[in-house]
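Everything in the sequence shown is counted per numbering that gives the first Met the number 0, starting at 0 for the first residue and increasing by one.
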Amino acid sequence: MSVQFNTICAYLLDLDGTLYLGPNLFPETPRFLQTLKGLGLRRLFLTNNSFRSTRQYLYKLRDLGIDAEKEEILTSGWATIHYLLHETSFRKVYLLGSPGLKDEFIEAGIHVVNPTSTNAERAAAPDAVVLGFDQSFTYDDLRIASWFLREGAPYIATHPDKVCPTEHHPIPDTGAMIEYLAAATGRRPTVIGKPEPTMIRAALSRTGTLPQETAMVGDRLYTDMRMAKEGGLASILVLSGETCAGDLENSAIRPDFIFENVGALADRLINEGI
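Below, the structure is given as structure tokens:
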């Protein structure tokens with residue numbers, strides 16, 4: 000689609016690889032966020048990383064010097080909770096996820112079961128198995144999940160990202176665990192986060208905008224840019240994270256705009272005189 004910057008009212012902003020990398024805020028980020036504010040444009044911080052809870056992301060952003068509010072943050076973990084509460088009857092889950100994600104599930108009223116490897120076969124089956132991002136998976140955790148999946152439990156994953164960027168090197172993410180469990184069980188999950196429509200609906204309900212009035216800014220072709228393209232949003236790729244210019248040569252996904260970083264995007268917005 001043909002996109003004009005003066006038609007965009009709200010920006011969905013990916014976090015890791017777009018505004019910061021690991022613990023380090025990109026130097027261009029403060030000016031970019033100030034540009035959005037100065038132009039009166041809405042923003043929503045949108046992340047597929049379900050390792051942290053919404054509250055933990057709020058603290059992280061503030062620690063980085065970003066003046067954010069909780070309502071401005073949408074994680075794939077919270078989108079999964081919203082899906083469970085509003086689109087299913089599942090209230091008891093076996094959750095492979097971080098302590099922060101588990102706390103957020105419990106606070107939302109979803110019971111998280113915790114069987115051991117020795118009693119999983121005898122335990123009452125959960126309503127669903129939910130796979131999130133966790134850096135402390137054990138073999139027993141995966142064994143228990145495999146058991147429930149083989150028994151036919153519904154299966155949901157917070158997001159499909161195969162790797163998570165860090166300041167040193169990419170590390171395995173939830174998408175890698177999806178492949179592990181697929182090899183072990185033959186099962187594939189219902190995915191909630193980017194690029195799925197569930198995430199778009201949740202985001203637009205926060206911004207109050209139509210798809211054609213909204214842009215997705217991110218560093219990943221197969222989640223950020225794919226979601227934008229399939230959802231009718233403007234797609235703005237930054238080359239500060241996972242994707243490099245060479246990746247575009249063999250990609251069927253063609254972003255509407257490509258910038259080296261969000262600083263270059265800020266320059267474009269200012270030059271457009273929006």
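Here a beta-carbon is modelled for each residue, glycine too, at the ideal position from N, C-alpha and C.
Practice item. Inspect the beta-carbon positions of Leu63 and Leu24 and report whether they are closer than 8 Å. Key: yes
Exercise for review: Kindly indicate the opening and closing residues of the beta strand (DSSP E) around His110.
Suggested key: His110 -> beta strand (DSSP E) spans 110-112.
**Study point:** For Gly240 and Asn270, the rounded distance between their alpha carbons
**Key:** 24 Å
Review point. CA-CA distance, Thr189 and Ala156?
Key: 6 Å
**Study point:** Extent of the continuous beta strand (DSSP E) to which Lys91 belongs
**Key:** It spans 91-95 - the beta strand (DSSP E) in which Lys91 sits, taken as one unbroken run.
Exercise for review: From the DSSP output, in three-state form, read off Ile191 for me.
Suggested key: coil
Check your understanding: Is the number of C-beta pairs between the segment 132-143 and the segment 79-86 that are closer than 8 Å three or more?
Key -> no
Review point. Would a C-beta distance cut-off of 8 Å place Thr232 and Ala244 closer than the cut-off?
Key: According to the sequence displayed, residue 232 carries Leu and not Thr. For Leu232 and Ala244, no; Cβs fall outside 8 Å.
Review point. Is it true that the CB of Ser75 sits closer than 8 Å to the CB of Ile177?
Key: no
Review point. According to DSSP, which residues form a beta bridge with Arg42?
Key: Tyr10
Point to revise | 8 Å Cβ cutoff met for Leu264 and Thr242 | key: no
Practice item. Grab me the residues of Ile235's own chain with a C-beta within less than 6 Å of its C-beta, minus the 5 sequence neighbours each way, in chain order. Key: Ala214, Val216, Phe256
Point to revise | Rounded Cβ spacing between Phe31 and Gly262 (contact assumed at less than 8 Å) | key: 6 Å
Practice item. Would you kindly check if the distance between the Cβ of Asp140 and the Cβ of Leu95 is under 8 Å? Key: yes
Check your understanding: Taking Cβ positions only, does Tyr19 come closer than 8 Å to chain B?
Key -> Any reference to chain B falls outside this structure, which holds one protein chain only.
Review point. From Asn113, Pro194, Gly151, Gly207, pick the residue whose C-alpha is nearest to that of Thr46; which is it?
Key: Pro194
Review point. Looking at C-alpha atoms only, which residue of Phe147, His168, Pro164 is the closest neighbour of Arg186?
Key: Phe147
Review point. When DSSP labels each residue in this structure, what does Val261 get in the three-state scheme?
Key: helix
Practice item. Compute the Euclidean distance between the alpha carbons of Asp15 and Pro164, then round it to the nearest angstrom. Key: 7 Å
**Study point:** Strand pairing of Gly217, partner residues [DSSP]
**Key:** Leu236
**Study point:** Residue of Ile80, Ser97, Glu229 minimising C-alpha distance to Ile109
**Key:** Ile80
**Study point:** Backbone secondary structure at Ala202 - three-state DSSP
**Key:** In the structure shown, Ala202 sits in a helix (DSSP, three-state: H, G or I).
Review point. In this structure, does DSSP put Ile80 in helix, strand or coil?
Key: helix
Review point. Taking the continuous alpha helix (DSSP H) assigned at Ile105, which residues delimit it?
Key: 98-106
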